[in-house]
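Novice: Protein chains in written order, with the numbering used here: chain P, 63 to 380; chain U, 63 to 380.
Just so it is clear, CB atoms sit at the ideal spot from N, CA and C, and this is done for glycine as well.
Here's a structure for you.
Number of protein chains: 2
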Amino acid sequence: MEIQFLGTSSGTPTKARNVAGLALRPPESSHWYLVDCGEGTQHRILHTSFSLHGLRGIFITHIHGDHCYGLPGLLASAGLLNRSAPLLIAGPPEVRAYVECVMATTALGLPYDLDFVEVEDGAHIDWLPDVVVGAVALSHRVPSYAYTFEEKSVERKLDAARLARDGVPAGPVWGQLQRGEGANLPDGRVLRAEDYLLASRKPRKIIVGGDNDTPQLLAQVAQGADVLVHEATYTEEVLLKIGPEPQHSSAKMVAYFAQEAQVPNLVLTHFSPRYHQSIAEVEAEARVEYGGRLFLASDLDRYILDREGVLARIAPAA
Amino acid sequence: MEIQFLGTSSGTPTKARNVAGLALRPPESSHWYLVDCGEGTQHRILHTSFSLHGLRGIFITHIHGDHCYGLPGLLASAGLLNRSAPLLIAGPPEVRAYVECVMATTALGLPYDLDFVEVEDGAHIDWLPDVVVGAVALSHRVPSYAYTFEEKSVERKLDAARLARDGVPAGPVWGQLQRGEGANLPDGRVLRAEDYLLASRKPRKIIVGGDNDTPQLLAQVAQGADVLVHEATYTEEVLLKIGPEPQHSSAKMVAYFAQEAQVPNLVLTHFSPRYHQSIAEVEAEARVEYGGRLFLASDLDRYILDREGVLARIAPAA
């Protein structure tokens, strides 16, 4: 599974960081998903390997502009590029009202359908081809959600113990079962593949949070998750100075939670523009609390989560 | 007077060109105006000497997304930067409906007032401090306008002939009159400065067009104009292939008009993304028709119009 950051700033863009957007590609998939779509997301996409034709769905965490003001332009551009496939747009109900009012007031017609899905806490979208997407309500000034992306199927291996117990001799029959096909034995027995296949590993799961001042709300979905991508808008010191009203998390809060929940990979993002020179303080604060693999996202950073659950930053695509 | 292009592509952004936006600074002014605000305009502004605090007003030519989808994000960012001065937003009536519906559906509050001005053909905005702005209706798929920016005051020089005729002796009195002050002569006469001052030149005038398939609609305002900035979305050959439905101009149409109207400086912009490699053909077509100073705009190009009406491209601000 691959993720690429399209924007990592909170509130306003800076010269180096755009506002929120994250691309997620399921394993070996020809299509991809977008989480949030701040202004300029389509501009960032031009510098990646992702295309508006391959985009399968957009998940908006919440209705603040730095997370959704790129949506109308991206939809319009996909139309000008002659997209015809329907596009899923999931998010809180405000997202649909926003998109529809912009389309109505700006004479925007699209040559493809928008499939709106209103999410709520615990929502479970299981009809996508390659991932099951879940939604978890967070705590912010407006309704805000985290999305979990869990791969739908994993490689399966033959159950050697059961084959032995049932006396199925090694040979072409094993290959048929491995391929998911049924098989007939010379003694007349009919074997079903599903009885002889085991999942080789647990499915990978990535959590991408929206704005949130209470990381603990993710405790349940964090069980067994491989990666947590979460905002860390500022350090604890700055949060205490600003006060709790903006309802953001500090690096310390998120890192402490990820350590407690034993999530092995943590990527912090959504940094206040005050850190336009360096996010070293944010990183240092998180490292004190968290012993797993920690990353601080930059725009266009690309990460691969391998089958063993190890997240690694890789070179951006040309 | 200074103009700087923030975007020069039509429809969709490319790697090199953003969608429409143009900054205009009156002579020696601490503030500036924005014409159109496609998505990503605020990002481009970060790479100029213009600030969201110094922005006095925004003129939207028409409601298509590539000319206005950057508006909500720019307004939000100005708010996050604690702007308090009111901001003028002029354009066809749809602009207000668009901005207000986005603010309502995305919980966008601003710490400053928006002063909406609905324009119509012949509109005349004469209460700005340094320029008189006019609007001219164009021909496009939706109501579209050109804006004219004419400097409000020019340097004045003493009317030497009249001073001689009236027997006003050279001396400190001339200096008083030059500074716009009244003066008393020893013989008891009281002189009014306005009787002895002449405009040293005509005021500079720049026309910035919106999308338009009929450049001739600008014939009247082109009289005495120094600069025409106009879309030239494609060449005549491409226009004939695509057909007239998109209602854009070819380079040939605009260049022919500018030549007929004797506008001395012509800047073409709003190029189809098909020209992402080179706009040489567009330029060549325009040169056949037009003998004045011709420029094809690129993003972040900066131009100065001097007091003699000569437009020159200058190095971008650091």
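(1) Evaluate contact between the region 149–159 of chain P and the region 117–137 of chain P, counting only Cβ atoms and requiring at least three cross-stretch pairs below 8 Å.
(2) What does residue 356/U pair with, by DSSP beta-bridge criteria?
(3) Listed from N- to C-terminal order along the chain, which residues in the region 270–302 of chain U have their beta-carbon within a distance smaller than 7 Å of any beta-carbon of chain P?
(4) Against chain P, which members of the region 127–160 of chain U pass a CB distance test of less than 8 Å?
(5) Cβ atoms of residue 121/U and residue 95/U: under 8 Å apart, would you say?
(6) Whole angstroms are fine: how far does the CA of residue 314/P sit from the CA of residue 355/U?
(7) Flag this pair as touching only if the region 237–254 of chain U and the region 155–164 of chain U have three or more C-beta atom pairs under 8 Å; answer yes or no.
(8) Strictly below 8 Å CB to CB, what residues from chain U border residue 167/P?
(9) Does the separation of the CB atoms of residue 258/U and residue 301/U fall below 8 Å?
(10) Given that residue 77/U touches chain P, what residues does it touch there, using C-beta distances under 8 Å?
(11) Which of the residues in the region 183–211 of chain P, read from start to end, lie with their CB under 9 Å from any CB of chain U?
(12) Identify whether residue 139/P lies in helix, strand or coil by the three-state DSSP scheme.
(13) Here's the rule: buried if 16 or more other CB atoms are within 10 angstroms of the residue's CB, otherwise exposed. What is residue 100/U?
(14) May I have a chain-ordered list of the beta strand (DSSP E) segments no shorter than 3 residues that lie completely inside the region 78–160 of chain P?
(15) Would you say residue 354/P lies against chain U (beta-carbon separation less than 8 Å)?
(16) Between the alpha carbons of residue 116/P and residue 91/U, how many angstroms are there, rounded?
(17) Provide the residue span of the beta strand (DSSP E) that contains residue 341/U, from first to last.
(18) Please list the segments of the beta strand (DSSP E) lying wholly inside the region 198–224 of chain U, counting only runs of 3 or more residues, in order along the chain.
(19) Spell out a yes or no on whether the region 275–287 of chain P and the region 72–86 of chain P are touching, meaning 3 or more CB-CB pairs, one atom from each, closer than 8 Å.
(20) Pull out every residue of the region 71–99 of chain U whose Cβ sits closer than 9 Å to any Cβ of chain P, in chain order.
(21) Would DSSP call residue 179/U helix, strand or coil?
(22) Can the beta-carbon of residue 312/U be found closer than 8 Å to that of residue 294/U?
(23) Which chain U residues are close to residue 102/P, counting only those with a beta carbon under 7 Å from its beta carbon?
(24) Looking at the secondary structure, which residues open and close the alpha helix (DSSP H) in which residue 333/U lies?
(25) Using a Cβ-Cβ cut-off of 8 Å (strictly less than) and excluding sequence neighbours within five positions of residue 321/P, which residues of its own chain qualify?
(26) Use the C-beta contact count for residue 145/U: other C-beta atoms within 10 angstroms, 16 or more gives buried, fewer gives exposed.
(27) Would you check if the distance between the CB atom of residue 272/P and the CB atom of residue 208/P is smaller than 8 Å?
(28) With a threshold of 16 other CB atoms inside 10 Å of the CB of residue 347/P, please say whether the residue is buried or exposed.
(29) List the residues of chain P that residue 170/U touches, going by C-beta distances under 7 Å, in chain order.
(30) Leaving out five residues before and five after residue 183/U in sequence, what residues of the same chain have Cβ atoms less than 6 Å from its Cβ?
(31) Are the C-beta atoms of residue 205/U and some chain C residue less than 8 Å apart?
(32) If you reduce the DSSP assignment to three classes, tell me which class residue 296/U lands in.
(33) For residue 215/U, which of 238/U, 254/U, 262/U has the nearest alpha-carbon?
(34) So, is residue 299/P buried or exposed, given that buried needs 16 or more other C-beta atoms within 10 angstroms?
(35) Per DSSP, what kind of secondary structure is residue 174/U in: helix, strand or coil?
Specialist: To lay it out plainly:
(1) yes
(2) To locate residue 356/U, count along the second sequence from 1; it is residue 294. In DSSP, residue 356/U forms a bridge with 328/U.
(3) none
(4) 127, 128, 130, 131, 132, 134, 135, 138, 139, 142, 143, 156, 159, 160
(5) For the purposes of this step, residue 95/U is identified with residue 33 of the second sequence, where counting begins at 1. For the purposes of this step, residue 121/U is identified with residue 59 of the second sequence, where counting begins at 1. In contact: residue 95/U and residue 121/U (Cβ atoms closer than 8 Å).
(6) Position 293 of the second sequence, counted from the first residue, corresponds to residue 355/U. Position 252 of the first sequence, counted from the first residue, corresponds to residue 314/P. Cα-Cα distance, rounded: 60 Å.
(7) no
(8) Within the first sequence, numbered from 1, the residue matching residue 167/P stands at position 105. In chain order: 125, 156, 159, 160, 163.
(9) Your numbering for residue 258/U matches position 196 in the second sequence. Your numbering for residue 301/U matches position 239 in the second sequence. Cβ atoms of residue 258/U and residue 301/U: not closer than 8 Å.
(10) Looking up residue 77/U in the second sequence gives position 15. Ordered by position in chain P, the residues that pass the 8 Å Cβ test against residue 77/U are 108, 109.
(11) 203, 204
(12) Reading the first sequence from its first residue, position 77 is the one you call residue 139/P. Correct three-state label for residue 139/P: helix.
(13) Stepping through the second sequence from its first residue, residue 100/U is reached at position 38. Classification of residue 100/U: buried, given that the 10 Å Cβ count is 16 or more.
(14) 83–87, 94–99, 117–121, 149–153
(15) Start at 1 with the first residue of the first sequence, and residue 354/P comes out as number 292. Answer no: the Cβ-Cβ gap between residue 354/P and chain U never drops below 8 Å.
(16) The residue given as residue 116/P occupies position 54 in the first sequence. The residue given as residue 91/U occupies position 29 in the second sequence. Residue 116/P and residue 91/U: Cα-Cα distance of roughly 47 Å.
(17) Taking the second sequence and counting its residues from 1, the one referred to as residue 341/U is at position 279. Note, residue 341/U: premise wrong, no beta strand (DSSP E); not H, not E.
(18) 207–213, 218–220
(19) no
(20) 73, 74, 75, 76, 77, 80, 81
(21) Within the second sequence, residue 179/U is the residue found at index 117, counting from 1. Strand, per DSSP.
(22) Sequence index remark: in the second sequence, residue 312/U carries index 250 (1-based). Sequence index remark: in the second sequence, residue 294/U carries index 232 (1-based). Yes, Cβ-Cβ distance for residue 312/U and residue 294/U is below 8 Å.
(23) Reading the first sequence from its first residue, position 40 is the one you call residue 102/P. The contacting residues are 101, 102, 105.
(24) Working through the second sequence from its first residue, we reach residue 333/U at position 271. Looking at the DSSP string, residue 333/U is not in any alpha helix (DSSP H), and its letter there is neither H nor E.
(25) Locating residue 321/P in the first sequence gives position 259, where the first residue counts as 1. Counting only Cβ-Cβ distances below 8 Å, and skipping sequence neighbours, we find 351, 352, 353, 354.
(26) Taking the first residue of the second sequence as 1, we reach residue 145/U at position 83. Buried, because 16 or more other Cβ atoms sit within 10 Å of the Cβ of residue 145/U.
(27) As a working mapping, residue 272/P is identified with position 210 in the first sequence. As a working mapping, residue 208/P is identified with position 146 in the first sequence. Cβ distance < 8 Å, so residue 272/P and residue 208/P count as in contact.
(28) Reading the first sequence from its first residue, position 285 is the one you call residue 347/P. Buried, because 16 or more other Cβ atoms sit within 10 Å of the Cβ of residue 347/P.
(29) As a working mapping, residue 170/U is identified with position 108 in the second sequence. Near residue 170/U (Cβ distances below 7 Å), the residues of chain P are 127.
(30) Start at 1 with the first residue of the second sequence, and residue 183/U comes out as number 121. Excluding residues within five positions, the ones whose Cβ falls inside 6 Å are 199.
(31) Chain labels in this structure do not include chain C; the protein chains are P and U.
(32) In the second sequence, the residue the question calls residue 296/U occupies position 234. Residue state, collapsed to three classes: strand.
(33) Mapped onto the second sequence, residue 215/U falls at position 153. Looking at the Cα atoms, 262/U is the closest of the given residues.
(34) Position 237 of the first sequence, counted from the start, is the residue given in the question as residue 299/P. Answer is exposed; the Cβ neighbour count stays below 16.
(35) Here residue 174/U is taken as the residue at index 112 of the second sequence, counted from 1. Coil, per DSSP.
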